[in-house]
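Residue numbers (the numbering used here), protein chains in the order written: chain A, 199 to 620; chain B, 9 to 378. See structure below.
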């Protein structure tokens, strides 16, 4: 059976004949045509300037102003809206630089709870279409729509167009979509004409399209690796195609295989819907670098409380405690300890992390500290009472009592002394 | 060295010693078993540097001498030989050991016996004897409670010591902080004055296998750092855990005033049945006690729930308490008398469990929050 050849209007979703560049129904010009439009089913959806878009949605005054999300004395830009981006503000740019480039920008402190809520709503809409949704972060995800034509009475492309319009209407933010035949190219495609983009890379054109792109387009090729490849005379994707897979593997190890496969438009990774969280963590970047162990300990306690609070809420306990430190010179140190029994108590996290922290606090100034728990299990098994350590059992009881006080009178109703400023 | 031995005898001895040998070894000779032939006997030795097992068995000695070869390979070969086969073992000049039985012939890489590490027990000043069965019982009753938690290494074994309040006893105690098991045996002659020692888990497991088959007497020698068990043709020498066992007596509650008497066997079966639906995710068994009856409940959000009612002797106020299903099963499995008694205080405090007719063993179990 011959595949249909018509395209779709991105606004009214009506079919548009192959040779028309304007929708015959609504007369608007946003028309989507592609020879493989009715076949491709792997999509990547990315929200446009997500944090900024959410802020603009909630505060219409910001709509036409350059908005930067980020903050703090040594803050960096976490998201800049498209108006600010035109003026040269980029993600991860130090705030002072960003404000130099765009002095009239409105800086908004990030409100993660709000973004998490909006991100969750977007994800829920995606999951209505297919269970195969693989989130990459709060604002982007892969979707595998193979085999959903009959369910939605539409090819994946039209299903995605409907989703895009629904997100704009119901959630009030815009997204960009890439549609292709594997994950790598879908992600490349979604980046092609942001914001509000909908790009398609078909099997026919993929090799030509990718050939003249810089190698850095390949997932996993960062700054350092890019430099290494450049030294070897490889700057464009097609340069990689001169080599056999074995030659690339011999030179670059396991990354060589990825280079060969992706440069030849092969990507067999499947879309895996994520299971439950693998770890719970909290971290903080200090206002000023800290080297004093007592000061670090004081900063550690609220982090432990934050992790414990989330663990208790999710009714999940962790068996491995990991302490993360970043020195003033941006070197990361992680130290972890596995417990005999899983825990969801801040006190146990703290008591476990202290002996990990103490040897590290040798006078080195640290800019960041974090604490996390992993090897997650059900809360039922957490913190069994210990016959031989009645002190720990008492402290655990005290923490549970504090939690019930908080549940009744609010977060700040009761605090442990070690969390207070001197 | 040249010996001939019946397959069954060799297999039995190899089986006894080979389990001490670790599967992975960085020092090659520790994978080997030392074989020495002399005076009508073949003696096999295996060690992991913490435990040494020596077993002697009668063999036809053609030429005296000794050598070492891979314990697990030898065991696997002998296991596969036909029943009743005569096995001939010879060590060649070429550093190989030859094993022949019927039409099978194996040449194994050997290492010289001089390289095999010898474990010196040193002086064992405290020596006593007890029936193998009694030693087996001390182990059986307490083994399950041994901790595997490495940070509290001093709990990774059975604490063997003497107690003198009342009739002097040799007592074995094991605990992991969640449950505690204690078993007594009247203090044998010669054991008085022995130090309290922590016998490591692996030694306990090896010993348990060995004494199971033994019906006679076990001779035990103890020093501050080593313990030795001799019985049948076996000598097991082990290092002890160098640590202080916590004062477990503080953990055993004395004021628990709510007693529940139940048929130990029926209780064990009921716990086993209801815990069928408990999983990794939910392990708690809930015990509801009221006048004359006990209701066991397990609720698993994934698979459903189970209840079972038992007639018990209970006359205190109604009480609800939860226990880890696996821990409760471990203890229930030890209750072999007709009547077991649970002494409870409240739903948050440790419970004492024992056989009514058997004062020589008791268990303490910490409840779970339910």
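Note that the Cβ used here is the ideal one computed from N, Cα and C, for glycine as well.
Inset, instruction - Go through its chain and collect everything with a Cβ distance to residue 433 of chain A's Cβ below 8 Å, but skip five positions before and after it. - result: 412, 413 and 427, listed in sequence order.
Inset, instruction - Residues of the region 521 to 540 of chain A with a CB closer than 7 Å to any CB of chain B: list them in chain order, please. - result: Within the region 521 to 540 of chain A, the qualifying residues are 538.
Inset, instruction - Could you tell me which residues DSSP puts in a beta bridge with residue 333 of chain A? - result: The partner list for residue 333 of chain A (beta bridge, DSSP) reads A:339.
Legend entry - CA-to-CA distance, residue 544 of chain A to residue 510 of chain A, given in whole angstroms: Going by the C-alpha atoms only, they are around 10 Å apart.
Inset, instruction - Report the residue from A:318, A:324 and A:483 whose alpha carbon sits nearest the alpha carbon of residue 358 of chain A. - result: It is A:324.
Legend entry - Element boundaries [alpha helix (DSSP H), containing residue 601 of chain A]: Per DSSP, residue 601 of chain A belongs to the alpha helix (DSSP H) from 588 to 607.
Inset, instruction - Measuring only between beta-carbons, confirm whether residue 199 of chain A sits less than 8 Å from chain B. - result: Interpretation of residue 199 of chain A is limited by its pLDDT of 49, a score under 50 that renders its predicted location unreliable; no figure is taken from the coordinates.
Legend entry - Simplified DSSP state of residue 651 of chain A, which is helix, strand or coil: Nothing can be reported for residue 651 of chain A, as the shown portion of chain A is limited to 199 through 620.
Inset, instruction - Give the straight-line distance between the Cα atoms of residue 576 of chain A and residue 308 of chain B, rounded to the nearest whole angstrom. - result: The alpha-carbon atoms of residue 576 of chain A and residue 308 of chain B are separated by roughly 12 Å.
Inset, instruction - Just mark residue 581 of chain A as buried or exposed, buried being the case when its beta carbon has 16 or more other beta carbons within 10 Å. - result: Buried, because 16 or more other Cβ atoms sit within 10 Å of the Cβ of residue 581 of chain A.
Inset, instruction - Taking only beta-carbon positions, decide if residue 579 of chain A is within less than 8 Å of chain B. - result: Yes, contact with chain B.
Inset, instruction - For my contact list, residue 252 of chain A and residue 312 of chain A are in at a C-beta cut-off of 8 Å; report their separation, rounded to the angstrom. - result: The pair is a contact, with the Cβ atoms about 6 Å apart (cut-off 8 Å).
Inset, instruction - Could you check what DSSP says for residue 199 of chain A in three-state terms: helix, strand or coil? - result: Caution applies to residue 199 of chain A, whose pLDDT of 49 falls short of 50 and renders its modelled position unreliable; the value that the coordinates give is listed next. Here residue 199 of chain A sits in coil by DSSP.
Legend entry - Coil, strand or helix - residue 205 of chain A by DSSP: DSSP places residue 205 of chain A in strand when its eight states are reduced to three.
Inset, instruction - Mind checking who residue 128 of chain B pairs with in its DSSP beta bridge? - result: Per DSSP, none; premise fails for residue 128 of chain B.
Inset, instruction - Decide if residue 157 of chain B is buried, meaning its Cβ has at least 16 other Cβ atoms within 10 Å, or exposed. - result: Exposed, by the Cβ-count rule.
Legend entry - Any C-beta of chain A under 8 Å from that of residue 254 of chain B: So yes, residue 254 of chain B belongs to the interface.
Legend entry - Beta-carbon neighbours of residue 584 of chain A, restricted to chain B and to distances below 8 Å: Those are 185, 186 and 374, listed as they occur along chain B.
Legend entry - Residues near residue 601 of chain A by beta carbon distance below 8 Å, same chain, minus five either side: Taking C-beta separations shorter than 8 Å and ignoring five residues to either side along the sequence, the partners of residue 601 of chain A in its chain run 510, following chain order.
Legend entry - Contact with chain A by residue 328 of chain B, beta-carbon distance below 8 Å: Not closer than 8 Å to any Cβ of chain A, the Cβ of residue 328 of chain B fails to qualify, so no.
Inset, instruction - With 9 Å as the C-beta to C-beta threshold (strictly closer), list the residues of the region 291 to 302 of chain B near chain A in chain order. - result: From the region 291 to 302 of chain B, only 291 and 292 have a Cβ closer than 9 Å to chain A.
Inset, instruction - Examine chain A for any beta-carbon lying closer than 8 Å to the beta-carbon of residue 282 of chain B, and answer yes or no. - result: With 8 Å as the cut-off, residue 282 of chain B does not count as an interface residue toward chain A.
Legend entry - For residue 350 of chain A, the three-state DSSP class (helix, strand or coil): Correct three-state label for residue 350 of chain A: helix.
Legend entry - chain A contact residues for residue 358 of chain B, given Cβ-Cβ distances below 9 Å: Result: 583 and 585.
Legend entry - Residue nearest to residue 109 of chain B in terms of C-alpha spacing, selected from B:250, B:69, B:14 and B:265: Of the candidates B:250, B:69, B:14 and B:265, the one whose C-alpha sits nearest the C-alpha of residue 109 of chain B is B:14.
Legend entry - Distance, residue 240 of chain A Cα to residue 400 of chain A Cα: Here the alpha carbons of residue 240 of chain A and residue 400 of chain A stand approximately 11 Å from one another.
Inset, instruction - With 9 Å as the limit, tell me which residues of the region 148 to 182 of chain B have their beta carbon closer than that to any beta carbon of chain A; keep them in chain order. - result: Hits within the stretch, in order: 155, 156, 157, 158, 159, 160 and 163.
Legend entry - Which listed residue (A:459, A:477, A:304 and A:346) has its alpha carbon closest to that of residue 521 of chain A: Cα-wise, what sits closest to residue 521 of chain A is A:477.
Legend entry - Status (buried if at least 16 other CB within 10 Å, exposed otherwise) for residue 199 of chain A: Note on residue 199 of chain A: pLDDT 49, under 50, position unreliable in the model; no value is reported.
Legend entry - Through-space distance from residue 499 of chain A to residue 365 of chain A, alpha-carbon basis: Approximately 40 Å, taken between the alpha carbons.
Inset, instruction - Return the CA-CA distance between residue 611 of chain A and residue 603 of chain A, expressed in angstroms with no decimal places. - result: Cα to Cα, residue 611 of chain A sits roughly 7 Å from residue 603 of chain A.
Inset, instruction - Tell me the start and end of each unbroken beta strand (DSSP E) in the region 473 to 554 of chain A that is at least 3 residues and wholly inside, in chain order. - result: Taking 3 residues as the shortest admissible run, the region 473 to 554 of chain A contains the following complete beta strand (DSSP E) segments, listed from N- to C-terminal end: 477 to 488, 514 to 525 and 530 to 541.
Inset, instruction - Scan the region 221 to 242 of chain B for residues whose Cβ lies nearer than 7 Å to a Cβ of chain A and list them as they occur along the chain. - result: From the region 221 to 242 of chain B, no residue has a Cβ closer than 7 Å to chain A.
Inset, instruction - Let me know if residue 263 of chain B comes out buried or exposed under the rule of 16 or more other beta-carbons within 10 Å of its beta-carbon. - result: Result: exposed.
Inset, instruction - Determine the closest residue to residue 99 of chain B out of B:299, B:34 and B:76, with distance taken between C-alpha atoms. - result: Its Cα nearest to that of residue 99 of chain B, the residue B:76 stands out among B:299, B:34 and B:76.
Legend entry - For residue 149 of chain B and residue 519 of chain A, the rounded distance between their alpha carbons: Their Cα atoms are separated by approximately 35 Å.
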